[in-house]
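See below for the structure under consideration.
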Amino acid sequence: MTRTAIISDRRITGLSAAVIAELVTEVGPLWHERHQARLASRLRKRAVGAGAKHRLVFVDRLLTTLVHLRHGVTHDVLACWFGVDHSIVTRAIGEVRPLLAERGCTISLDVRLRTLAEVIGHLGETGKTGIIDGTEIRVRRPAVGRKDRDKSISGKNKQPP
C-alpha cells in the first residue's frame with residue numbers, strides 16, 4: 115500500500131490529510147532530534163550518517179503507528195505494506211508512540227471520563243483533535259465462586275442466564 119493511499123483514505127488512519135500533515139510538522143522534528151541524540155550518545159567506529167539509510171522515513175513511521183493504533187494491525191502486516199522487516203515496524207512504533215502521547219493530552223489513571231461531553235470538557239475548548247485509545251484490555255478476575263467476584267465484572271461480556 116502506498117503512502118498517498120494511506121494518507122488520502124481517512125478510513126485507514128481515522129485522520130484527515132491535514133491532521134496528518136500537522137502531526138508530521140509537530141512530531142517530526144522531535145523524532146529527528148531524539149534520533150540524532152541517540153546516535154551521538156555512544157562511542158562509534160564510524161561517523162554519524164555513515165551506513166545504511168532508514169528504509170522507513172519519519173512519515174512512514176508515523177503512518178505505521180497510526181494504522182496500528184487505529185486497527186490493531188499486526189507488525190507483520192504493516193511490514194508487508196511498507197516492504198520492510200517486522201522488527202523495523204516494531205522499532206518505529208516504539209519510537210513514535212511515546213512522541214504522540216507526549217504531544218497529546220494523556221489522562222491520569224484516577225480520572226474517569228464516561229461521556230463524550232466529559233472528554234471534550236477535559237480536552238478543553240481549544241479545538242484540538244483527540245485520539246482515544248479504546249483498546250480492550252483483559253483483566254484477571256477472581257475465579258468463579260470466590261468472594262468479591264461480582265465487584266470486578268463490568269457486564270460488557272456477560273452471558274445470558
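Each residue of the sequence shown is one higher than the one before, counting from 115 in this note's numbering. Glycine residues also receive a C-beta, built at the ideal position from the N, C-alpha and C atoms.
Can you round the beta-carbon distance between residue i and residue j to whole angstroms, since I take them to be within the 8 Å contact cut?
{"i": "THR179", "j": "ALA206", "result": "7 Å"}
{"i": "LEU153", "j": "VAL162", "result": "5 Å"}
Could you tell me which of the options sits nearest to residue i, measuring between CA atoms?
{"i": "TRP145", "options": "GLY163, ARG226, ARG217 and THR118", "result": "ARG217"}
{"i": "GLU140", "options": "ARG158, ALA215, THR118 and GLY235", "result": "ALA215"}
{"i": "ASP147", "options": "VAL253, LYS159, PHE196 and PHE172", "result": "According to the sequence displayed, residue 147 carries Glu and not Asp. The option with the nearest alpha carbon to GLU147 is PHE172."}
{"i": "GLY186", "options": "ILE251, ARG117 and ARG160", "result": "ILE251"}
{"i": "HIS168", "options": "VAL253, HIS189, ARG260 and GLY197", "result": "GLY197"}
{"i": "HIS149", "options": "GLY208, LEU137 and GLY238", "result": "GLY208"}
{"i": "ARG117", "options": "VAL233, ASP190, TRP195 and HIS189", "result": "TRP195"}
Are residue i and residue j close, meaning C-beta to C-beta below 8 Å?
{"i": "LEU192", "j": "VAL203", "result": "yes"}
{"i": "VAL210", "j": "ILE126", "result": "no"}
{"i": "ARG175", "j": "GLY128", "result": "no"}
{"i": "THR120", "j": "LEU177", "result": "Here residue 120 is Ile; the residue named in the question, Thr, does not match the sequence. Closer than 8 Å, so yes."}
{"i": "LEU230", "j": "HIS236", "result": "no"}
{"i": "ALA131", "j": "SER122", "result": "yes"}
Enumerated in chain order, which unbroken segments of the alpha helix (DSSP H) with a length of 4 residues or greater are wholly contained in the stretch 140 to 201?
With a minimum length of 4 residues, the continuous alpha helix (DSSP H) runs that stay inside the stretch 140 to 201 are 172 to 185 and 189 to 196.
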